[in-house]
Amino acid sequence: MDTDPREPATHELARLASALARASGAMSTAATARMDRDMPWFADLSASDRSWVGLIVHAGIQNFVDWLRSSASTPDGSGPDGHALATAVFGAAPRELAGVITLRQTVDLIRLSIDVVESHIDDTVAAEDAPLVHRAVLRYGREVAFATAEVYARAAESRGAWDARLEALVVDAVLRAEPDDSLLSRANALGWNSLGGVAVVMGASPDRRTDSDVFEGVRRAARTAGADALCAVQGDRLVVVLGGVEDALAGARSVVHFFGDGPVVVGPVTSGLGSAHVSARAALSAHRASAGWPEAPRPVRSLDLLAERALAGDGHARRHLVEAVFLPLSGPRRSLVETLAAWFEAGGSTEATARALFVHPNTVRYRLRQVAEVTGLTPTMARDAFTLQIALVLGRQSGRAPTDPAL
């Protein structure tokens, strides 16, 4: 078989490698000086990290010599593969290094090493051998660049898997109402920066999409809306913890399209991650009871499903309806409860209610407006009327207000 005349003979490569080996000390010294001068971030590293980075650069120079020598012993002159180069150049450092400097900074280090080697070629080898060594440097730089990308890719995969497990633990602690001193620090490790305004959004997990894609989409949408997000899949439900929100419904709208088909509910805004279990509990209860209101908007507040939650056995919803709806209407005169009960009995007829109570119809209208002002629920709206009726029943059953025989 004919050989390419441009390909160097193995004995030439070995001879050039020996010449470069004798100059490796000077090249390493020059590389250190270049790092101090041209890379401001290098001076900001700790002594230990500077040692790691220096070791990588020096190893890169020394291993170019070894790579060139190894090329002389391979049939095609190709030298070691990328995996072998990664092991030789990075040694025991990749795990530590990947967390200290960025991939961009690592590429800059590789470029610096190659520049230093190239700058010493003309002074180290004969002029007729210089083009051969320059070609070898370019080939070596390409191989090391690919090896570096592989190292960082493996580190990113490992970090991604760890982050996913940590995120699942944080969300699970919120759902289980088990906040502890480590909850916020774990969330901070995942990029959580919010100190208040937390709401939990819950709905069906999407089909035909991987969890990682969904989670990344949720985080990106939340960041666009000025919020933080933690995600987890619990069974067939996707749970999103939003931080830095003031309006729970507005926050839920920013991520609602990442959920699967069916209802999406959001709990109330709480003061921080430590109290987020309150929002999670309300969202979970509302999601379970949401089948009772198939026409509900998407997303819907857990507060808007109080009636369904109470009918499903949620004690917190029952207490809320009694304390936040029934008792405020049961003032000293109790005219609002009396009027509301009579209005329901009359089928929502103002005139019939007025006749039953022996008052003017305008008095009935005035009292109904008071009901809306006190509770935030408008009796003339079907959904609000349903919730008010459930609140009246639960209030009477609670025994926390005197019972009027007329009711």
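Counting from 1, one number per residue, gives the positions in the sequence shown under full-length UniProt numbering. Ideal Cβ placement from N, Cα and C applies to all residues, glycine included. These numbers were taken from a predicted model, which means no experiment stands behind them.
- One alpha carbon belongs to residue 263, the other to residue 342, and they sit about 34 Å apart.
- Going by beta carbons, residue 378 and residue 372 fall inside the 8 Å limit.
- The C-alpha of residue 328 lies about 24 Å from the C-alpha of residue 358.
- Proximity of the region 253-260 to the region 162-179 falls short of the contact definition, fewer than three beta-carbon pairs being nearer than 8 Å.
- The straight-line gap separating the alpha-carbon atoms of residue 229 and residue 322 is approximately 33 Å.
- For residue 278, the enclosing alpha helix (DSSP H) begins and ends at 276-289.
- Residue 32 has its alpha-carbon roughly 11 Å from the corresponding atom of residue 51.
- Distance from the Cα of residue 41 is smallest, within the candidate group 296, 376 and 105, for 105.
- The region 287-302 makes no contact with the region 344-357, as fewer than three CB pairs between them are under 8 Å.
- When only Cα atoms are considered, residue 223 and residue 110 end up about 34 Å apart.
- By the 16-neighbour rule on beta-carbons within 10 angstroms, residue 241 is buried.
- In this structure, DSSP gives residue 381 a state outside helix and strand, which the three-state scheme calls coil.
- Only residues of its own chain outside the window of five on either side were considered, and among them 31, 34, 35, 38, 39 and 57 have a CB closer than 8 Å to the CB of residue 112, listed in chain order.
- The beta carbons of residue 238 and residue 203 sit closer together than 8 Å.
- Residue pairing by DSSP places residue 237 opposite 204 and 234 in a beta bridge.
- Around the beta carbon of residue 193, fewer than 16 other beta carbons lie within 10 angstroms, which makes this residue exposed.
- Judged by DSSP secondary structure, residue 264 falls within the beta strand (DSSP E) whose first and last residues are 264-266.
- Per DSSP, reduced to three states, the secondary structure at residue 133 is helical.
- At a cut-off of 4 residues, the continuous stretches assigned as alpha helix (DSSP H) that sit fully inside the UniProt domain "PucR C-terminal helix-turn-helix" (336-393) are 350-357 and 361-375.
- Nearest neighbour of residue 175 by Cα position, chosen from 314, 44, 280 and 136, turns out to be 280.
- In the three-state reduction of the DSSP assignment, residue 242 falls in the strand class, which pools E and B.
- Apart from sequence neighbours up to five positions away, the residues of its chain that approach residue 206 with a beta-carbon distance below 8 Å are 214, 238, 258, 259 and 260, ordered along the chain.
- In the DSSP assignment, the residues bridged to residue 270 are 198.
- In the assembly as shown, residue 140 is a buried residue. Its beta-carbon has 16 or more other beta-carbons within 10 Å.
- Spatial neighbours of residue 187 in its own chain (CB-CB distance under 7 Å, excluding positions within 5 residues in sequence) are listed in chain order as 170, 230 and 273.
- Your pair residue 199 and residue 248 checks out as a contact, with CB atoms roughly 4 Å apart and the cut at 8 Å.
- Inclusion of residue 251 and residue 225 in the CB contact set at 8 Å is warranted, their separation being smaller than that value.
- When DSSP states are grouped into helix, strand and coil, residue 296 belongs to the coil group.
- When C-alpha distances from residue 117 are compared across 369, 69, 265 and 62, the shortest belongs to 62.
- When beta bridges are read from the DSSP output, residue 228 appears opposite 243.
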